[in-house]
Amino acid sequence: MADYSQQPTPLAFTQVPHPAPMPGAAREQAIADPRFGTVFTDYMVVVEYDEAKGGWHTASVQPRGPIALDPAASVLHYAQEIFEGMKAYRHPDGSLALFRPEENARRFNDSARRMAMPELPEELFLESLRQLLSVDREWVPGGDGASLYLRPFMFASEAFLGVRPARQYKFIVIASPAGAYFKSGHAAVKIWVSRDYTRAAPGGTGAAKTGGNYAASLVPQAEGIARGCDQVVFLDASERRWIEELGGMNLFFVFDDGSVLTPPLGTILPGITRDSLITLLRDEGLSVREEPYSIDQWRADAQSGRLVETLACGTAAVVTPVGTVLDDQSEFTIGGGGMGQIAGRMRDRLTGIQTGRLPDPHGWVVTV
Ligand SMILES: *Cc1c(COP(=O)(O)O)cnc(C)c1O
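The sequence shown maps to residues 177 to 544 in our numbering.
What follows is the structure in C-alpha cells.
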C-alpha cells in the first residue's frame with residue numbers, strides 16, 4: 177500500500193453499539209443468497225465535514241439507520257454526490273481482505289474534485305472501511321462469488337438553495353452482502369446500443385463516479401430492458417460512433433490474433449477492474465491496446481469472426497461476457513454467444529486473487 181505518513185492522523189472514531197444487531201441465524205440466512213443491494217449490515221460509518229469547523233470533524237461507526245436531512249440540503253437540489261463500490265472477501269484462513277482499496281480512495285478524491293467537493297484524506301477513507309468491517313465482520317460471506325459489497329459515498333448536506341459548492345458534507349459507508357450480480361450468473365449478457373442517449377460528453381462528468389451519471393442512464397437502460405436486454409452500451413457524445421462503456425462496466429474486445437482492445441480513458445469511468453485486467457492480460461502475454469473502437473467495426477468484426485469475445489468488467493459483476501448486441505437496425509452475436517475462454521480465465525484469475533485462492537503477484541490484496 178502507499179505511504180500515508182505524510183497525511184494528518186485520522187480522526188478518532190466514536191463507536192456506538194447496536195441495541196439489537198440481527199441474530200446470527202437470521203444473518204446467516206440473509207447472506208446465504210442475497211439479491212444485489214437488498215440486504216444491509218448492522219452498522220454504518222458516518223464522518224461529518226464542515227468548512228466552518230476546519231473540515232472533517234466527527235467520525236463514528238453507529239447502528240445503520242435513516243439519516244436526518246434538511247429539505248434544503250443541496251444534494252437534493254443540485255446533486256453534489258459521489259460514491260465508490262468495492263468488496264470485502266473472506267479468505268480461506270478466515271481473514272478479511274480488500275482489493276486495491278487505495279485505488280478507490282484515490283478515485284473518490286478525483287470524483288470529489290470534479291464535483292467541487294472536499295477531498296477525504298485517503299487514510300480516513302481506508303480507516304472508515306476498517307472500522308465498519310471490524311463491527312460487521314460476521315457479515316462477510318465466504319465461498320465462491322460471495323463478498324460484502326461496500327458503498328462509501330459523500331453528499332452535500334448544507335441547507336442552502338444558492339448554486340455554489342456546499343460547505344457541509346457527510347461521508348457515509350454502508351455494506352451489503354453480495355452474491356452474483358446478474359440473475360443469469362455466469363451467462364452472457366445481451367446489450368442494447370443506445371442511439372438516442374449518451375452517457376458522458378467531453379468536459380462532462382463521465383470520469384467521475386457521481387449519481388447524476390446513473391440518473392441519466394435510466395431511460396436508455398429501461399429502453400434496453402424493454403427489448404429484452406440486460407445492459408446498455410453508450411457511444412461517444414460527439415460522433416455517436418465510438419464505443420464508450422456500459423452504464424456501470426468497462427469493455428474489452430478480444431480478437432482471433434490474441435490481441436485485446438479497450439476504449440481509452442477520458443469520458444469513461446476509470447475502472448479498477450479495467451486497470452487490473454489490462455495487467456492480467458499482459459501477464460498472459462496478450463497485447464492490450466487502449467484505442468477507440470467503433471460500433472460499425474464491432475459489428476463487422478463479430479460477423480467476420482475476427483472478434484472472438486467481448487467482456488464487460490466492474491467490481492459488482494467482475495468479468496461478464498457480452499453475448500449479443502442489439503440496436504434499432506441490427507442484432508449480432510459474439511463468438512458462440514456464451515462465456516469465452518479469455519473471459520472465463522480472467523474471471524477465475526481475478527476472483528482467485530481477490531478471494532485468496534490464487535497468489536497475488538501484484539500486491540493488490542490488503543488484509544484488514
Ligand atoms: C464503477 C464503474 C465502473 C467499474 O469500475 P470498477 O472500479 O472496476 O468497479 C465502470 N463504469 C462505470 C460508469 C462505473 O460507475
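Glycine included, C-beta positions come from ideal geometry on N, C-alpha and C.
Everything numeric in this text was worked out from a predicted model, so none of it was measured.
- Note on geometry: alpha-carbon atoms of Gln-238 and Val-222 lie some 8 Å from one another.
- Taking a cut-off of 8 Å on C-beta distances, the stretch 362-381 does not touch the stretch 262-278, as fewer than three cross pairs fall below it.
- Residue side-chain check: Ile-419 keeps its Cβ at 7 Å or more from all non-hydrogen atoms of ligand 1.
- Less than 8 Å separates the beta-carbon of Val-349 from that of Ser-304.
- Taking C-alpha positions only, Val-484 is separated from Arg-211 by approximately 31 Å.
- Counting along the chain, Trp-474 sits inside the alpha helix (DSSP H) bounded by residues 471-480.
- In the structure shown, Trp-540 adopts coil according to DSSP, grouped into three states.
- Per the DSSP secondary-structure output, Trp-418 pairs in a beta bridge with Ser-470.
- Shortest Cα-Cα distance from Arg-403 to any of Thr-386, Ser-370 and Val-311 involves Ser-370.
- Inclusion of Gly-424 in the 7 Å shell around ligand 1 follows from its C-beta lying nearer than that to a non-hydrogen atom of the ligand.
- For His-233, the enclosing beta strand (DSSP E) starts and ends at 231-239.
- The alpha-carbon of Thr-496 is positioned some 13 Å away from that of Ile-510.
- Going by DSSP, Tyr-390 is part of the alpha helix (DSSP H) stretching over 387-402.
- The shortest C-alpha to C-alpha distance from Glu-415 to any of Ser-470, Gln-479 and Arg-283 is the one to Ser-470.
- Distance check between Gly-379 and each of Gly-321, Leu-324 and Gly-442 places Gly-442 closest, using alpha-carbon atoms only.
- Nearest to Val-501 by C-alpha distance, out of Ile-419, Val-542 and Glu-467, is Ile-419.
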